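Beneath this line is the structure, given in C-alpha coordinates, with notes to follow.
In this note's numbering, the protein residues as written are 169 to 529.
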(Lines of atoms letter the chains of each structure in order from A and count residues from 1; the text may use other names and numbers.)
(Lines give C-alpha, C1' and ligand atoms only; values in the text may rest on other atoms or scores of the structure.)
Protein backbone atom coordinates (compact mmCIF):
# COMPACT_ATOMS: atom_id res chain seq x y z
CA UNK A 1 0.00 0.00 0.00
CA UNK A 2 1.35 3.44 -0.90
CA UNK A 3 2.32 5.75 2.00
CA UNK A 4 3.02 9.52 1.87
CA UNK A 5 6.75 8.73 2.08
CA UNK A 6 6.75 6.35 -0.89
CA UNK A 7 7.77 7.51 -4.37
CA UNK A 8 7.07 5.67 -7.63
CA UNK A 9 9.16 6.47 -10.71
CA UNK A 10 8.93 4.82 -14.09
CA UNK A 11 12.37 3.55 -15.07
CA UNK A 12 11.80 4.96 -18.54
CA UNK A 13 11.50 8.43 -16.96
CA UNK A 14 14.60 8.11 -14.79
CA UNK A 15 17.92 9.62 -15.94
CA UNK A 16 20.26 6.65 -16.25
CA UNK A 17 23.27 8.65 -17.49
CA UNK A 18 25.00 8.54 -14.07
CA UNK A 19 25.10 4.73 -14.13
CA UNK A 20 28.15 2.89 -15.49
CA UNK A 21 27.87 2.74 -19.26
CA UNK A 22 27.58 -1.04 -19.28
CA UNK A 23 24.61 -0.92 -16.89
CA UNK A 24 22.41 1.70 -18.52
CA UNK A 25 20.41 -0.77 -20.57
CA UNK A 26 17.46 -2.15 -18.53
CA UNK A 27 18.13 -5.50 -20.15
CA UNK A 28 21.84 -5.55 -19.20
CA UNK A 29 23.03 -8.01 -16.54
CA UNK A 30 23.11 -6.38 -13.11
CA UNK A 31 21.06 -3.38 -14.21
CA UNK A 32 18.47 -3.66 -11.42
CA UNK A 33 21.04 -4.01 -8.60
CA UNK A 34 23.14 -1.15 -9.98
CA UNK A 35 20.15 1.17 -10.27
CA UNK A 36 18.90 0.30 -6.77
CA UNK A 37 22.33 1.05 -5.23
CA UNK A 38 22.62 4.29 -7.21
CA UNK A 39 19.21 5.58 -6.15
CA UNK A 40 19.74 4.57 -2.52
CA UNK A 41 23.08 6.43 -2.50
CA UNK A 42 21.47 9.53 -4.04
CA UNK A 43 18.91 9.65 -1.25
CA UNK A 44 21.55 8.84 1.37
CA UNK A 45 23.68 11.79 0.20
CA UNK A 46 20.75 14.00 1.18
CA UNK A 47 20.55 12.37 4.61
CA UNK A 48 17.53 10.22 3.83
CA UNK A 49 17.06 6.55 4.66
CA UNK A 50 15.43 4.85 1.69
CA UNK A 51 14.45 1.30 0.86
CA UNK A 52 14.66 1.02 -2.92
CA UNK A 53 13.14 -1.75 -5.00
CA UNK A 54 11.99 -2.40 -8.55
CA UNK A 55 8.68 -3.89 -9.59
CA UNK A 56 8.32 -4.52 -13.29
CA UNK A 57 9.18 -1.16 -14.95
CA UNK A 58 8.86 1.00 -11.81
CA UNK A 59 11.29 2.22 -9.14
CA UNK A 60 9.76 2.19 -5.65
CA UNK A 61 11.48 4.41 -3.09
CA UNK A 62 10.13 4.14 0.45
CA UNK A 63 11.44 5.83 3.59
CA UNK A 64 12.90 3.46 6.18
CA UNK A 65 10.98 4.57 9.29
CA UNK A 66 13.05 2.45 11.68
CA UNK A 67 16.35 3.92 10.50
CA UNK A 68 14.87 7.44 10.55
CA UNK A 69 13.68 6.94 14.14
CA UNK A 70 17.12 5.64 15.21
CA UNK A 71 18.78 8.63 13.55
CA UNK A 72 16.48 11.05 15.37
CA UNK A 73 17.25 9.25 18.64
CA UNK A 74 20.98 9.54 17.98
CA UNK A 75 20.73 13.25 17.18
CA UNK A 76 18.71 13.85 20.34
CA UNK A 77 21.33 12.01 22.43
CA UNK A 78 24.16 14.10 20.97
CA UNK A 79 22.25 17.35 21.49
CA UNK A 80 21.68 16.39 25.15
CA UNK A 81 25.36 15.58 25.60
CA UNK A 82 24.83 11.81 25.92
CA UNK A 83 27.68 11.14 23.52
CA UNK A 84 28.23 7.45 24.25
CA UNK A 85 24.62 6.64 23.35
CA UNK A 86 24.61 8.86 20.27
CA UNK A 87 27.91 7.41 19.08
CA UNK A 88 26.67 3.82 19.48
CA UNK A 89 23.50 4.58 17.52
CA UNK A 90 25.35 6.21 14.63
CA UNK A 91 27.95 3.43 14.53
CA UNK A 92 25.11 0.94 14.09
CA UNK A 93 23.53 3.11 11.41
CA UNK A 94 26.89 3.43 9.62
CA UNK A 95 27.15 -0.34 9.23
CA UNK A 96 23.72 -0.38 7.60
CA UNK A 97 23.82 2.97 5.76
CA UNK A 98 27.53 3.67 5.02
CA UNK A 99 26.79 6.53 2.61
CA UNK A 100 24.20 8.46 4.59
CA UNK A 101 25.25 12.10 4.95
CA UNK A 102 23.72 12.62 8.41
CA UNK A 103 25.43 9.50 9.75
CA UNK A 104 28.80 10.37 8.23
CA UNK A 105 28.66 13.98 9.45
CA UNK A 106 27.62 13.34 13.03
CA UNK A 107 29.77 10.27 13.62
CA UNK A 108 32.70 12.04 11.95
CA UNK A 109 32.35 14.96 14.36
CA UNK A 110 32.05 12.62 17.37
CA UNK A 111 35.26 10.85 16.35
CA UNK A 112 36.94 14.24 15.80
CA UNK A 113 35.95 15.45 19.28
CA UNK A 114 37.18 12.18 20.79
CA UNK A 115 40.56 12.47 19.06
CA UNK A 116 39.98 9.51 16.74
CA UNK A 117 41.14 11.75 13.94
CA UNK A 118 42.06 9.17 11.32
CA UNK A 119 38.57 7.72 11.43
CA UNK A 120 37.00 11.18 11.53
CA UNK A 121 38.90 12.28 8.43
CA UNK A 122 37.95 9.05 6.66
CA UNK A 123 34.22 9.51 7.31
CA UNK A 124 34.17 13.23 6.57
CA UNK A 125 36.17 12.74 3.37
CA UNK A 126 33.58 10.19 2.28
CA UNK A 127 30.87 12.70 3.13
CA UNK A 128 32.23 15.52 0.97
CA UNK A 129 32.96 13.09 -1.86
CA UNK A 130 29.30 12.09 -1.86
CA UNK A 131 28.03 15.61 -1.19
CA UNK A 132 30.70 18.07 -2.41
CA UNK A 133 28.45 21.12 -1.97
CA UNK A 134 27.93 20.52 1.78
CA UNK A 135 29.70 23.49 3.39
CA UNK A 136 29.43 22.26 6.98
CA UNK A 137 30.94 18.94 5.92
CA UNK A 138 33.99 20.85 4.65
CA UNK A 139 34.11 22.79 7.94
CA UNK A 140 34.04 19.59 9.98
CA UNK A 141 36.77 18.10 7.78
CA UNK A 142 38.88 21.25 8.19
CA UNK A 143 38.60 21.00 11.98
CA UNK A 144 39.58 17.32 11.94
CA UNK A 145 42.59 18.06 9.72
CA UNK A 146 43.61 20.93 12.01
CA UNK A 147 43.39 18.72 15.10
CA UNK A 148 45.53 16.17 13.25
CA UNK A 149 48.18 18.84 12.57
CA UNK A 150 47.47 18.72 8.82
CA UNK A 151 47.26 22.50 8.63
CA UNK A 152 47.56 22.84 4.83
CA UNK A 153 44.76 20.34 4.22
CA UNK A 154 42.73 22.10 6.91
CA UNK A 155 43.23 25.46 5.19
CA UNK A 156 42.14 24.05 1.83
CA UNK A 157 39.01 22.46 3.30
CA UNK A 158 38.08 25.66 5.16
CA UNK A 159 38.55 27.79 2.04
CA UNK A 160 36.26 25.43 0.14
CA UNK A 161 33.63 25.86 2.87
CA UNK A 162 33.79 29.66 2.52
CA UNK A 163 33.48 29.40 -1.26
CA UNK A 164 30.30 27.36 -0.80
CA UNK A 165 28.87 29.48 2.04
CA UNK A 166 30.54 32.93 2.08
CA UNK A 167 28.27 34.25 4.86
CA UNK A 168 28.27 31.20 7.12
CA UNK A 169 29.64 31.93 10.61
CA UNK A 170 31.18 28.47 11.08
CA UNK A 171 32.90 28.47 7.71
CA UNK A 172 34.22 32.00 8.24
CA UNK A 173 35.51 31.53 11.77
CA UNK A 174 37.16 28.19 10.93
CA UNK A 175 38.82 29.57 7.82
CA UNK A 176 39.87 32.71 9.70
CA UNK A 177 41.32 30.76 12.63
CA UNK A 178 43.33 28.48 10.34
CA UNK A 179 44.49 31.43 8.24
CA UNK A 180 45.70 33.09 11.44
CA UNK A 181 47.76 30.01 12.28
CA UNK A 182 49.34 30.26 8.82
CA UNK A 183 49.85 34.04 9.16
CA UNK A 184 47.79 34.60 6.03
CA UNK A 185 46.86 38.26 5.45
CA UNK A 186 43.17 37.50 4.82
CA UNK A 187 42.72 36.01 8.31
CA UNK A 188 41.53 39.25 9.92
CA UNK A 189 38.95 39.92 7.19
CA UNK A 190 37.56 36.39 7.51
CA UNK A 191 37.25 36.74 11.28
CA UNK A 192 35.72 40.21 11.00
CA UNK A 193 33.09 38.72 8.69
CA UNK A 194 32.56 35.84 11.12
CA UNK A 195 31.86 38.31 13.95
CA UNK A 196 29.51 40.28 11.71
CA UNK A 197 27.67 37.05 10.88
CA UNK A 198 27.41 36.07 14.56
CA UNK A 199 28.16 39.04 16.87
CA UNK A 200 27.94 36.94 20.05
CA UNK A 201 29.90 33.89 18.94
CA UNK A 202 32.61 33.60 21.64
CA UNK A 203 34.91 31.49 19.47
CA UNK A 204 34.87 34.00 16.61
CA UNK A 205 35.31 36.93 19.02
CA UNK A 206 38.27 35.27 20.71
CA UNK A 207 39.89 34.29 17.41
CA UNK A 208 39.58 37.86 16.11
CA UNK A 209 41.00 39.30 19.33
CA UNK A 210 44.00 36.96 19.20
CA UNK A 211 44.61 37.76 15.53
CA UNK A 212 44.49 41.53 16.10
CA UNK A 213 46.73 41.22 19.13
CA UNK A 214 49.44 39.57 17.03
CA UNK A 215 49.13 41.63 13.85
CA UNK A 216 48.56 45.13 15.32
CA UNK A 217 50.34 46.97 18.11
CA UNK A 218 48.74 50.43 18.23
CA UNK A 219 46.71 51.54 21.26
CA UNK A 220 43.39 51.78 19.41
CA UNK A 221 43.63 48.12 18.42
CA UNK A 222 44.63 47.15 21.95
CA UNK A 223 41.45 48.79 23.24
CA UNK A 224 39.39 46.87 20.69
CA UNK A 225 41.13 43.63 21.68
CA UNK A 226 40.23 44.26 25.32
CA UNK A 227 36.62 44.99 24.35
CA UNK A 228 36.40 41.78 22.30
CA UNK A 229 37.85 39.72 25.15
CA UNK A 230 35.46 41.29 27.65
CA UNK A 231 32.58 40.44 25.32
CA UNK A 232 33.73 36.80 25.23
CA UNK A 233 33.56 36.67 29.03
CA UNK A 234 30.13 38.33 29.05
CA UNK A 235 28.50 36.06 26.44
CA UNK A 236 30.07 32.75 27.53
CA UNK A 237 30.94 32.94 31.25
CA UNK A 238 32.76 29.87 32.54
CA UNK A 239 33.54 28.52 29.06
CA UNK A 240 37.01 27.60 27.80
CA UNK A 241 36.86 30.64 25.53
CA UNK A 242 36.12 32.86 28.53
CA UNK A 243 38.99 31.32 30.50
CA UNK A 244 41.35 32.05 27.62
CA UNK A 245 40.00 35.60 27.33
CA UNK A 246 40.55 36.15 31.06
CA UNK A 247 44.12 34.86 30.75
CA UNK A 248 44.89 37.22 27.86
CA UNK A 249 43.35 40.19 29.66
CA UNK A 250 45.47 39.45 32.75
CA UNK A 251 48.58 39.22 30.59
CA UNK A 252 47.76 42.47 28.81
CA UNK A 253 47.15 44.22 32.09
CA UNK A 254 50.33 42.82 33.57
CA UNK A 255 52.40 43.83 30.54
CA UNK A 256 51.21 47.42 30.88
CA UNK A 257 51.64 47.28 34.65
CA UNK A 258 55.27 46.18 34.18
CA UNK A 259 56.19 48.64 31.43
CA UNK A 260 58.63 50.49 33.69
CA UNK A 261 60.43 47.26 34.56
CA UNK A 262 60.76 48.22 38.24
CA UNK A 263 58.66 47.90 41.39
CA UNK A 264 55.27 49.56 41.12
CA UNK A 265 54.94 52.06 43.99
CA UNK A 266 51.13 52.04 43.87
CA UNK A 267 51.05 48.26 44.21
CA UNK A 268 53.42 48.46 47.20
CA UNK A 269 51.12 51.04 48.79
CA UNK A 270 48.00 48.93 48.16
CA UNK A 271 49.65 45.73 49.46
CA UNK A 272 50.73 47.62 52.57
CA UNK A 273 47.18 48.91 53.04
CA UNK A 274 45.88 45.34 52.74
CA UNK A 275 48.37 44.11 55.36
CA UNK A 276 47.24 46.75 57.85
CA UNK A 277 43.59 46.01 57.04
CA UNK A 278 43.97 42.26 57.58
CA UNK A 279 45.87 42.75 60.82
CA UNK A 280 42.60 43.23 62.70
CA UNK A 281 40.73 40.41 60.91
CA UNK A 282 40.36 36.70 61.64
CA UNK A 283 41.69 34.08 59.19
CA UNK A 284 38.08 33.33 58.20
CA UNK A 285 37.46 36.99 57.38
CA UNK A 286 40.67 37.20 55.35
CA UNK A 287 39.60 34.05 53.48
CA UNK A 288 36.31 35.81 52.73
CA UNK A 289 38.23 38.69 51.14
CA UNK A 290 40.23 36.21 49.07
CA UNK A 291 37.06 34.51 47.82
CA UNK A 292 35.25 37.75 47.01
CA UNK A 293 38.17 39.33 45.16
CA UNK A 294 38.88 36.09 43.25
CA UNK A 295 35.26 35.92 42.14
CA UNK A 296 35.41 39.55 41.04
CA UNK A 297 38.61 38.84 39.16
CA UNK A 298 36.90 36.13 37.11
CA UNK A 299 35.06 38.87 35.25
CA UNK A 300 38.28 40.70 34.45
CA UNK A 301 39.75 43.63 36.37
CA UNK A 302 41.08 46.77 34.73
CA UNK A 303 44.22 47.30 36.77
CA UNK A 304 45.46 50.20 34.65
CA UNK A 305 42.44 52.50 34.90
CA UNK A 306 42.37 54.49 38.17
CA UNK A 307 38.98 55.95 37.26
CA UNK A 308 37.20 52.59 37.25
CA UNK A 309 36.30 51.21 40.66
CA UNK A 310 34.87 48.00 42.09
CA UNK A 311 32.86 47.50 45.25
CA UNK A 312 33.81 44.99 47.95
CA UNK A 313 31.59 43.75 50.77
CA UNK A 314 34.24 42.01 52.88
CA UNK A 315 36.21 45.25 53.18
CA UNK A 316 33.49 47.83 52.46
CA UNK A 317 34.38 50.49 49.96
CA UNK A 318 35.10 51.21 46.30
CA UNK A 319 38.52 50.23 44.99
CA UNK A 320 40.47 50.41 41.73
CA UNK A 321 41.23 47.21 39.87
CA UNK A 322 44.84 47.29 41.10
CA UNK A 323 43.66 47.67 44.69
CA UNK A 324 41.37 44.66 44.31
CA UNK A 325 44.22 42.58 42.89
CA UNK A 326 46.48 43.62 45.77
CA UNK A 327 43.79 42.67 48.31
CA UNK A 328 43.48 39.29 46.57
CA UNK A 329 47.24 38.66 46.49
CA UNK A 330 47.82 39.59 50.12
CA UNK A 331 44.77 37.68 51.34
CA UNK A 332 45.83 34.53 49.53
CA UNK A 333 49.38 34.84 50.87
CA UNK A 334 47.89 34.72 54.35
CA UNK A 335 45.37 31.89 53.88
CA UNK A 336 46.83 29.85 50.97
CA UNK A 337 50.43 30.92 50.26
CA UNK A 338 51.88 30.30 46.82
CA UNK A 339 48.62 30.52 44.85
CA UNK A 340 49.04 31.81 41.30
CA UNK A 341 46.50 34.55 40.59
CA UNK A 342 47.89 35.21 37.12
CA UNK A 343 49.32 38.57 38.20
CA UNK A 344 52.77 38.55 39.77
CA UNK A 345 52.96 40.94 42.74
CA UNK A 346 55.59 38.98 44.65
CA UNK A 347 58.20 41.75 44.63
CA UNK A 348 55.70 44.47 45.62
CA UNK A 349 54.21 42.26 48.32
CA UNK A 350 57.62 41.45 49.81
CA UNK A 351 58.53 45.13 49.89
CA UNK A 352 55.20 46.00 51.53
CA UNK A 353 55.71 43.18 54.04
CA UNK A 354 59.20 44.52 54.88
CA UNK A 355 57.81 47.99 55.49
CA UNK A 356 54.88 46.58 57.49
CA UNK A 357 57.16 44.49 59.74
CA UNK A 358 59.56 47.38 60.26
CA UNK A 359 56.65 49.57 61.32
CA UNK A 360 55.51 47.22 64.06
CA UNK A 361 56.36 48.32 67.60
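By construction, the Cβ of each residue, glycine as well, lies at the ideal position given by its N, Cα and C atoms.
Just so we're clear, the structure is a prediction, and the values are computed from it rather than from any experiment.
Extract the residue ranges of the beta strand (DSSP E) inside the segment 189–254, only unbroken runs of 3 or more that lie entirely within it. Here the runs fully enclosed are 218–223, 226–231.
How big is the Cα-Cα spacing for residue 270 and residue 338? Taking the straight line joining both Cα atoms gives about 18 Å.
With residue 495 as the anchor, note down where its alpha helix (DSSP H) starts and where it stops. Taken as a continuous stretch (DSSP letters only), the alpha helix (DSSP H) holding residue 495 covers 489–503.
Please state if the CB of residue 359 and the CB of residue 379 are separated by a distance shorter than 8 Å. Yes, Cβ-Cβ distance for residue 379 and residue 359 is below 8 Å.
Output the residue ranges of the beta strand (DSSP E) runs that lie fully inside the segment 327–382 and measure 3 residues or longer, sorted by chain position. Runs found: none.
Unbroken alpha helix (DSSP H) run spanning residue 318, endpoints: Unbroken run through residue 318: none, as it is neither H nor E.
Rounded to the nearest angstrom, what separates residue 175 and residue 342 at their Cα positions? Their backbone Cα atoms lie some 39 Å apart in a straight line.
Quick one: measure Cβ to Cβ for residue 280 and residue 311, integer angstroms, because I've assumed they're closer than 8 Å. Going by Cβ atoms, the distance from residue 280 to residue 311 rounds to 6 Å, so yes, they are a contact pair.
Straight-line Cα distance separating residue 315 from residue 382: Cα to Cα, residue 382 sits roughly 22 Å from residue 315.
Could you have a look at residue 385 and say whether DSSP puts it in helix, strand or coil? Reduced to three states, the DSSP call for residue 385 is coil.
Do the CB positions of residue 478 and residue 469 come within less than 8 Å of each other? Using a Cβ distance threshold of 8 Å, residue 478 and residue 469 count as a contacting pair.
Below 6 Å CB to CB, which residues in the same chain sit around residue 246 once its five sequence neighbours on both sides are set aside? Sequence-distant Cβ neighbours of residue 246 in its own chain, meaning closer than 6 Å and more than five residues away, are 254.
Quick one: any contact between the segment 441–458 and the segment 384–395, if contact means 3 or more CB pairs under 8 Å? The segment 441–458 makes no contact with the segment 384–395: fewer than 3 CB pairs, one atom from each, lie closer than 8 Å.
Helix, strand or coil: how does DSSP classify residue 271 here? Per DSSP, reduced to three states, the secondary structure at residue 271 is helical.
Among the candidates 233, 498, 460, whose CA atom is the shortest distance from the CA of residue 218? Selected option, being the one with the closest Cα: 233.
Candidates 240, 368, 443, 482: closest to residue 521 by CA position: When the alpha-carbon of residue 521 is set against those of 240, 368, 443, 482, the nearest one is in 443.
What's the call for residue 169, buried or exposed, on a 16-neighbour Cβ count within 10 Å? Bear in mind that the predicted position of residue 169 carries a pLDDT of just 29, short of 50, making it unreliable; the figure below should be weighed with that in mind. It is exposed - the Cβ of residue 169 has fewer than 16 other Cβ atoms within 10 Å.
Determine the extent of the alpha helix (DSSP H) in which residue 454 is found, giving its start and end residues. From DSSP, the alpha helix (DSSP H) with residue 454 extends over 451–465.
Provide the residue(s) that pair with residue 434 in DSSP beta bridges, ordered along the chain. Per DSSP, residue 434 has no beta-bridge partner at all.
In three-state terms, what does DSSP make of residue 287? Looking at residue 287 - three-state DSSP - the assignment turns out to be helix.
Among residues of its own chain, excluding the 5 on either side of residue 303, which ones have a beta-carbon nearer than 7 Å to its beta-carbon? So the qualifying residues of the chain are 329, 332, 333, 336, 339.
Residues of its chain near residue 172, where Cβ-Cβ distance is below 6 Å and the 5 sequence neighbours each way are ignored: Any reading at residue 172 must be qualified, since the residue scores a pLDDT of 46, below 50, and its modelled position is unreliable; the value itself is stated next. Non-local beta-carbon contacts of residue 172 in its own chain, meaning distances under 6 Å to residues more than five positions away in sequence, are absent.
In whole angstroms, what separates the C-alpha of residue 523 from that of residue 495? Computed Cα separation, rounded: 17 Å.
In whole angstroms, what separates the C-alpha of residue 294 from that of residue 213? If you take the alpha carbons of residue 294 and residue 213, they lie about 10 Å apart.
Alpha-carbon spacing of residue 486 relative to residue 319, whole angstroms: For residue 486 and residue 319, the distance between alpha carbons rounds to 49 Å.
Does DSSP put residue 528 in a helix, in a strand, or in coil? Three-state DSSP puts residue 528 in coil, outside helix and strand.
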